[in-house]
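Respectively, the protein sequence lines represent chains D and R. Each residue of the first sequence is one higher than the one before, starting from 1 at the first, in the UniProt record's numbering. Each residue of the second sequence is one higher than the one before, starting from 1 at the first, in the UniProt record's numbering. What follows is a single structure, written as structure tokens, with notes after it.
Protein chains: 2
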Amino acid sequence: MKSTWRADLMAGAIVAVLLIPQSLAYAMLAGLPPQVGLYASLLPLLAYAALGSSPVLGLGPVAVLALMIAQALAGLPAGVSAEAGALVLAAEVGALLGLAALLRLDALSSLLSVPALRGFENGATLMIAAGQLPVLLGSAAAGFTLPDLATSAVHGGLRPVSAVWGGGAVALLLLSRRAGPRLLARLAPLLLLVGAMGLSAFTPAASGVAQVGALPSLALPLALPSLDKPLWLQLLPSAALVGLMAFVSSLAVSESLAQRRGEKLLPAAELRGLAAANLVASFTGGMPVAGSFSRSILLHEAGSRSRWSLVFVAVFMLLAMLLLARPLAYLPKPVLAATILVAVLGGFTLRHYREAWAYARAEGLLMAAVTAAVLLWSVGAALALGVVGSIALLLQRTARPHVARIGRVPGTHHYRNVERHVVECRPEVVGLRIDESLVFTNARGLVDVVLALVAEHRAKVGEPRRVLLLMGPVNHIDVSGLVALQELHAALAAEDLGLEFSEVKGPVLDRLKAVGWLERYHVPLYLSHHQGIQAGEHALRPSLADHDAPGQL
Amino acid sequence: MKSTWRADLMAGAIVAVLLIPQSLAYAMLAGLPPQVGLYASLLPLLAYAALGSSPVLGLGPVAVLALMIAQALAGLPAGVSAEAGALVLAAEVGALLGLAALLRLDALSSLLSVPALRGFENGATLMIAAGQLPVLLGSAAAGFTLPDLATSAVHGGLRPVSAVWGGGAVALLLLSRRAGPRLLARLAPLLLLVGAMGLSAFTPAASGVAQVGALPSLALPLALPSLDKPLWLQLLPSAALVGLMAFVSSLAVSESLAQRRGEKLLPAAELRGLAAANLVASFTGGMPVAGSFSRSILLHEAGSRSRWSLVFVAVFMLLAMLLLARPLAYLPKPVLAATILVAVLGGFTLRHYREAWAYARAEGLLMAAVTAAVLLWSVGAALALGVVGSIALLLQRTARPHVARIGRVPGTHHYRNVERHVVECRPEVVGLRIDESLVFTNARGLVDVVLALVAEHRAKVGEPRRVLLLMGPVNHIDVSGLVALQELHAALAAEDLGLEFSEVKGPVLDRLKAVGWLERYHVPLYLSHHQGIQAGEHALRPSLADHDAPGQL
Chain D
1 MKSTWRADLM
11 AGAIVAVLLI
21 PQSLAYAMLA
31 GLPPQVGLYA
41 SLLPLLAYAA
51 LGSSPVLGLG
61 PVAVLALMIA
71 QALAGLPAGV
81 SAEAGALVLA
91 AEVGALLGLA
101 ALLRLDALSS
111 LLSVPALRGF
121 ENGATLMIAA
131 GQLPVLLGSA
141 AAGFTLPDLA
151 TSAVHGGLRP
161 VSAVWGGGAV
171 ALLLLSRRAG
181 PRLLARLAPL
191 LLLVGAMGLS
201 AFTPAASGVA
211 QVGALPSLAL
221 PLALPSLDKP
231 LWLQLLPSAA
241 LVGLMAFVSS
251 LAVSESLAQR
261 RGEKLLPAAE
271 LRGLAAANLV
281 ASFTGGMPVA
291 GSFSRSILLH
301 EAGSRSRWSL
311 VFVAVFMLLA
321 MLLLARPLAY
331 LPKPVLAATI
341 LVAVLGGFTL
351 RHYREAWAYA
361 RAEGLLMAAV
371 TAAVLLWSVG
381 AALALGVVGS
391 IALLLQRTAR
401 PHVARIGRVP
411 GTHHYRNVER
421 HVVECRPEVV
431 GLRIDESLVF
441 TNARGLVDVV
451 LALVAEHRAK
461 VGEPRRVLLL
471 MGPVNHIDVS
481 GLVALQELHA
491 ALAAEDLGLE
501 FSEVKGPVLD
511 RLKAVGWLER
521 YHVPLYLSHH
531 QGIQAGEHAL
541 RPSLADHDAP
551 GQL
Chain R
1 MKSTWRADLM
11 AGAIVAVLLI
21 PQSLAYAMLA
31 GLPPQVGLYA
41 SLLPLLAYAA
51 LGSSPVLGLG
61 PVAVLALMIA
71 QALAGLPAGV
81 SAEAGALVLA
91 AEVGALLGLA
101 ALLRLDALSS
111 LLSVPALRGF
121 ENGATLMIAA
131 GQLPVLLGSA
141 AAGFTLPDLA
151 TSAVHGGLRP
161 VSAVWGGGAV
171 ALLLLSRRAG
181 PRLLARLAPL
191 LLLVGAMGLS
201 AFTPAASGVA
211 QVGALPSLAL
221 PLALPSLDKP
231 LWLQLLPSAA
241 LVGLMAFVSS
251 LAVSESLAQR
261 RGEKLLPAAE
271 LRGLAAANLV
281 ASFTGGMPVA
291 GSFSRSILLH
301 EAGSRSRWSL
311 VFVAVFMLLA
321 MLLLARPLAY
331 LPKPVLAATI
341 LVAVLGGFTL
351 RHYREAWAYA
361 RAEGLLMAAV
371 TAAVLLWSVG
381 AALALGVVGS
391 IALLLQRTAR
401 PHVARIGRVP
411 GTHHYRNVER
421 HVVECRPEVV
431 GLRIDESLVF
441 TNARGLVDVV
451 LALVAEHRAK
461 VGEPRRVLLL
471 MGPVNHIDVS
481 GLVALQELHA
491 ALAAEDLGLE
501 FSEVKGPVLD
511 RLKAVGWLER
521 YHVPLYLSHH
531 QGIQAGEHAL
541 RPSLADHDAP
551 GQL
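Take a look at the structure:
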């Protein structure tokens, strides 16, 4: 027990060393004063530790979310400060995640396909890096898209002294990563920050370089976020996207670590933990938070064993707040920008595009389009494009259900696809295998597909009198699927063909029986496809008990 | 050939008789002058006849779309007339449908599940009927939601003379439906309109009743819609919903009639036809158009054989325009409201809610929620709720892929679910059947599901060394599914378990081979599951040619 505490304390200390510079930097990236990042790294961690489920989720400010927050807050009405907007945004994110937890909507994490998520994260990485370049170089350029940045860079100027600070910081960080031992690489950002503050405070080397500036006293501001209704409505769409991204990115890292650690992760508990953390952030002067990829990996590698490690992180952050209160004013902004630049660019890779393109052109294109949308349009539009595009591609591919015409493998009771096997078909019955669940995304195509296969049977085998559907692969039929089966029944009846089922799965059969569907449409049911093919016009209708018994083959 | 022309002429005449009153009424319902409905029933029909594919699509103004148009135009900025707004809306609907046709997105029609569509149509029917009651009764009440209508009805007053005209018209229409021959029921709305115009023009009986009033001269106004950018942006979300609804509702009726008629329908051609019709409507003073359920059925029953019948409808509409130009001014509005009321209420039914509820609670609730959203919120919100709700229910149900642990049926080479059959399992290999395609909606759950089944095998059968996935039911693996398989490979490797596949379908195998996936992850491949179970650690890797040949069983 004691060793668990010691391990968590150690992991907490190591992660705090990374979180201190990141929290300051990501707050600046979100267009907020740096102390907001510290506030967001304090009590929200305790909220997640109380309600979440992963022992290694590096909760706090994250870079991608910071970019989304910056764009969401860019359109605030006059008179509303960015800090006030961030609190409202965090409250909405917390409330939406809490609502999703209540409605058990953790499956919403599936809304973002891998190509959409990777395309978005890569685009955000590039955009964050591009946005830090002017700060690094002392240019006044700013903007949320590459064209805006480029346009404003023309008249943005350049301060050599800033560029020296920024370039020097980048060089030191890269050097510590490449050359030094692992411990040095982890300590480097914090050492750099402390060193830069000292250099800037006690020497004239920083004259002309933008500094963070004097902060209000660092006391945790406990207050409710503004309850201004138009402001809430304005930020709601952004909050929905930030919430989705916070949940999906946190779940992705905590799930993959749980698998690696052989632990069980509860998505519903993650949702609750994130909701609580964001609500607490909104009451304690913070900004929306999520699980960071780099800090979660670090927690795992540093040996965190329980969520107590997050409590220790919060304690170290409190210490940092007390120690950093005064010197923070001297921190040169180019140095902060350098830590952001180096931190995010490590996550960028072109490999994903190549791989997706090689495997599936359309998904590779979607990934690239989402990245381009981040760079040229906005993070909100890019995320919406990713969700809608993924669904459109899936609908496009699944609009027609997969149905195979099957025949008997000679000498057996088995039925296989006529396209792939040498099989026997009897003229009077069309044997078809429905290869997937019948749901609204493919239901509309069912009648068309079946009628085409019936026509094929008619042309190649003979005039049929019945159509026997092997329903074994069907796991679920929703209301749209049921209506499609009704339409199929009517369309077949119009050609004087009977509709029959075989090998219907238990759960599917239960629901059909619950509404008396088979009786109403006079659909005979067979335990095995072979029975159905052999049967005459008047079929047996075995009871459910029969059907569930170990069947004949 | 001659008889085809005669049949189409006849069908055109019969449908025009229904379209004349409907076009006037639905324009009024959309908050537009009645002649807009006539304009929308003229050249757009020719555009569809040229590019569409159904010989029986009753194109023109439709009630549900009219309600959506009314709500979209309610928020127009000062200085923009409803007519100008309707033209922009039609142009946007046409452009969006055209874009969808270019990108071959006809699968987008699957976005609306049956419960969402029926819930929406029922809600729209009720809302349209409720909205016509004040017109019928001479009340000044108005509003787009039931609460708004009820609130304004308190002070809306009531004109007995209007109520007499309106109530009388409803009674006559219902009587003609119930009592008279079918022909009379079809002629009734037109006869009623002509009779009412005559009575109202030549007698004092209409004094105090709201009339349509003098119209500008009925000359087809050929002009481009306004190109005001803010106006286009404001109407774009409504246009997307109107376009989706126009496509889905048109396709639903034209597809079901095509099946009944044994004809082939091309969804892509429907998309083109609808796009062209709406673009033409935007240049010729119209409003967004779609296929009407009642008029399409009528075209079919009246014997339409080709899209020439629509051309004849347009010719008759032109005649009607010339004849109706003057007398239209005298038409009492309560009579027009009566034709709307009787036309839409025929489509309302509670049966769908009962059936959906009995079959699947969640889908029944969604249907009711969409209807309630139409009545209490807005058509746009209701349609969005229907789309998002359907996808959420599907994600919720499919978030975990269906995977069965399978064993050998004694004495055979066949493998069945251990839960449902008496089968034999070998300790050293876990046999699993993946029962559906691996796509982004279920990919995230794969590792969890498989690891749980491996743990079950370990507890009940023994310590395994390999996991053999029977991939027969998998029709498709998208990039997210592929990544999930990679994660599964890593998770199994962490437990010292090998991952192997059997019975992979040809198209799925082709793509895996294209990126060298099986080699990269060292996944052995077996022609049949039985082979895989029997095999030792060093597996054969049959070539694609072997795999595609008629296999052993």
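Each residue gets a CB set at the ideal place from its N, CA and C atoms; glycine is no exception.
Am I right that residue 166(D) and residue 210(D) are in contact with their C-beta atoms under 8 Å? What's the rounded C-beta distance?
So it is not a contact: roughly 10 Å between Cβ atoms.
Residues in its own chain within less than 6 Å of residue 252(D) by CB, not counting five upstream and five downstream?
Exclusion of the five residues before and after residue 252(D) leaves no residue of its chain whose Cβ lies closer than 6 Å to its Cβ.
Interface residues of chain D around residue 396(R) at Cβ under 8 Å?
Simply 104, 105, 107.
Can you name, in chain order, every residue of its own chain whose Cβ lies under 6 Å from the Cβ of residue 538(D), other than the five neighbours on each side?
Confidence at residue 538(D) is low in this model, with a pLDDT of 46, below 50, so its placement is unreliable and no value can be given for it.
Nearest to residue 352(D) by alpha carbon, out of 482(R), 391(R), 51(R)?
Nearest C-alpha to residue 352(D): 482(R).
CA-CA distance, residue 550(R) and residue 534(R)?
Low per-residue confidence applies at residue 550(R): pLDDT is 34, beneath 50, and the placement is therefore not dependable, though the value from the model is reported in the following sentence. Using only the alpha carbons, I get a separation of about 20 Å.
Jot down the residue ranges of each uninterrupted alpha helix (DSSP H) in the stretch 222-267 of chain R, minimum 4 residues, whole runs only, in chain order.
Entirely contained in the stretch 222-267 of chain R, the alpha helix (DSSP H) runs reaching 4 residues are, in chain order, 229-261.
Range covered by the alpha helix (DSSP H) that runs through residue 480(D):
Per DSSP, residue 480(D) belongs to the alpha helix (DSSP H) from 479-494.
Residue from 107(R), 53(R), 92(R), 119(R) whose Cα sits closest to the Cα of residue 348(R)
The shortest Cα separation from residue 348(R) among 107(R), 53(R), 92(R), 119(R) belongs to 119(R).
Leaving aside the five residues before and after residue 243(R) along the sequence, list all residues of the same chain whose C-beta is less than 7 Å from its C-beta, in chain order.
Closer than 7 Å at the Cβ level, and outside the excluded window around residue 243(R), lie 93, 96, 97.
Tell me whether residue 463(R) sits in a helix, a strand or coil according to DSSP, three-state version.
Annotated three-state conformation of residue 463(R) is coil, per DSSP.
When DSSP builds the beta bridges, which residues end up paired with residue 113(R)?
Answer is none; residue 113(R) lacks a bridge partner.
Element boundaries [alpha helix (DSSP H), containing residue 312(D)]:
Unbroken alpha helix (DSSP H) run through residue 312(D): 308-324.
Give the residues of chain D in contact with residue 450(R), contact being defined as C-beta atoms less than 7 Å apart.
Under the 7 Å cutoff, chain D gives no residues; its nearest Cβ is about 11 Å from residue 450(R).
How big is the Cα-Cα spacing for residue 283(D) and residue 255(D)?
Using only the alpha carbons, I get a separation of about 29 Å.
Does any residue of chain D bring its CB to less than 8 Å from the CB of residue 482(R)?
Output row for residue 482(R): interface = yes.
For residue 176(R) and residue 184(R), I'd like the C-alpha separation in whole angstroms.
Inter-residue distance for residue 176(R) and residue 184(R) is about 6 Å (C-alpha atoms, whole angstroms).
Hey, quick one: how far does the alpha helix (DSSP H) through residue 416(R) stretch, first residue to last?
It is not in any alpha helix (DSSP H) - residue 416(R) instead sits in the beta strand (DSSP E) that spans 415-417.
Does the beta-carbon of residue 178(R) have 16 or more other beta-carbons within 10 angstroms, so that it is buried, or is it exposed?
Flag for residue 178(R) reads exposed.
Give the residues of chain R in contact with residue 494(D), contact being defined as C-beta atoms less than 7 Å apart.
Simply 260.
Within chain D, the residues that residue 457(R) reaches when beta carbons sit closer than 7 Å:
Within chain D, no residue has its beta carbon less than 7 Å from that of residue 457(R); the closest one is some 16 Å off.
Quick check on the DSSP output: the alpha helix (DSSP H) that includes residue 210(R) runs from which residue to which?
First-last for residue 210(R): undefined, no H or E at that position.
Does any residue of chain D have a CB that is nearer than 8 Å to the CB of residue 610(R)?
Nothing about residue 610(R) can be read from this structure; chain R reaches only from 1 to 553.
Inter-residue spacing [alpha-carbon to alpha-carbon] between residue 423(D) and residue 406(D)
Across the structure, residue 423(D) and residue 406(D) are spaced so that their CA atoms are roughly 8 Å apart.
Compare the C-alpha of residue 144(D) against each of 228(D), 159(D), 124(D) and name the closest.
Out of 228(D), 159(D), 124(D), 124(D) has the C-alpha closest to the C-alpha of residue 144(D).
Quick one: residues in its chain with C-beta nearer than 7 Å to the C-beta of residue 410(D), no 5 flanking neighbours on either side, listed in chain order?
424.
C-alpha gap between residue 479(D) and residue 470(R), whole angstroms
Distance between the alpha carbons of residue 479(D) and residue 470(R): 29 Å.
From residue 91(D) to residue 172(R), what distance separates their C-alpha atoms?
Across the structure, residue 91(D) and residue 172(R) are spaced so that their CA atoms are roughly 58 Å apart.
Going by C-alpha distance, which of 86(D), 332(D), 280(D), 337(D) is nearest residue 202(D)?
That would be 332(D), whose Cα lies nearest to the Cα of residue 202(D).
Please return the same chain residues whose Cβ sits closer than 6 Å to the Cβ of residue 400(R), not counting the five positions on each side in sequence.
Counting only residues of its own chain and dropping the five nearest sequence neighbours on each side, residue 400(R) has a CB closer than 6 Å to the CB of 445, 449.
Helix or strand or just coil, what does DSSP make of residue 296(R)?
Helix at residue 296(R).
Please go through the same chain and pick out, in chain order, the residues whose beta-carbon is closer than 6 Å to the beta-carbon of residue 25(D), but skip the five residues on each side of it.
Closer than 6 Å at the Cβ level, and outside the excluded window around residue 25(D), lie 336, 339, 340.
Coarse secondary structure for residue 74(R), derived from DSSP in three states
Reduced to three states, the DSSP call for residue 74(R) is coil.
Contact check, residue 295(R) vs residue 12(R), beta carbons under 8 Å:
In this structure, residue 12(R) does not lie closer than 8 Å to residue 295(R) by Cβ.
Within chain R, partners of residue 583(D) - CB distance below 7 Å:
A query on residue 583(D) cannot be resolved here, the shown segment of chain D reaching from 1 to 553 and no further.
Looking at the unbroken alpha helix (DSSP H) that takes in residue 152(R), where does it start and where does it end?
Its alpha helix (DSSP H) spans residues 146-154.
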